[in-house]
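Novice:
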Amino acid sequence: MVDFDPKASFAAAPVARLGTVGPEDGPHLVPVVFALRDEVVYTAVDAKPKATHRLRRLTNIEHNPRVSVLVDHYADDWTQLWWVRVDGIAAIHHDGDAVRDGYDLLRAKYPQYQSVPLNGPVITVAVRHWSGWHA
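To convert, count from 1 in the sequence shown and add 7; that's our numbering.
1. Any idea which residues DSSP pairs D53 with across the strands?
2. Identify whether L36 lies in helix, strand or coil by the three-state DSSP scheme.
3. Tell me whether the beta-carbon of P34 lies closer than 8 Å to the beta-carbon of H70.
4. Can you say whether W140 is buried or exposed, counting buried as having 16 or more other CB atoms within 10 angstroms of its CB?
5. Are the CB atoms of V74 and F41 within a distance shorter than 8 Å?
6. In terms of residues, what are the limits of the beta strand (DSSP E) holding A98?
7. Roughly how many angstroms separate the alpha carbons of M8 and F17, rounded to a whole number?
Below, the structure written as structure tokens:
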């Protein structure tokens, strides 16, 4: 891959994995849709059906706000492989500018949010460190 831009590749990816740590130090990974603006990753709890409204990722962030967000690209042509991870500090927002900004960014990136309501909290991740690899 020529001129690999980790931030642009990360921002354009359709899905990421949000990694949190539970109260008993157990890792927890969940796929999320997200948007990146400047050095902040936004993801939200939307209205898709869920087993519970008390999501483990939210509980984990309340106990330990240090998180990772990973995106990757796989192809049968292994010269096209790459991954990018951000490590940062997460916060949960129930109202205010972060919620409005998060909803706006997610609606702009994902046309599905024209019909799936965004009605839950927004998680922001203030990026502290970028890492990655490409073939």
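Heads up, the beta-carbon is just placed ideally off N, CA and C, and yes, glycines get one too. All figures in this text were calculated on a predicted structure; none of them were measured in a lab.
Specialist: The structure says:
1. Looking at the DSSP assignment, D53 forms a beta bridge with L125.
2. strand
3. no
4. exposed
5. no
6. 89-100
7. Low per-residue confidence applies at M8: pLDDT is 46, beneath 50, and the placement is therefore not dependable enough to give any value.
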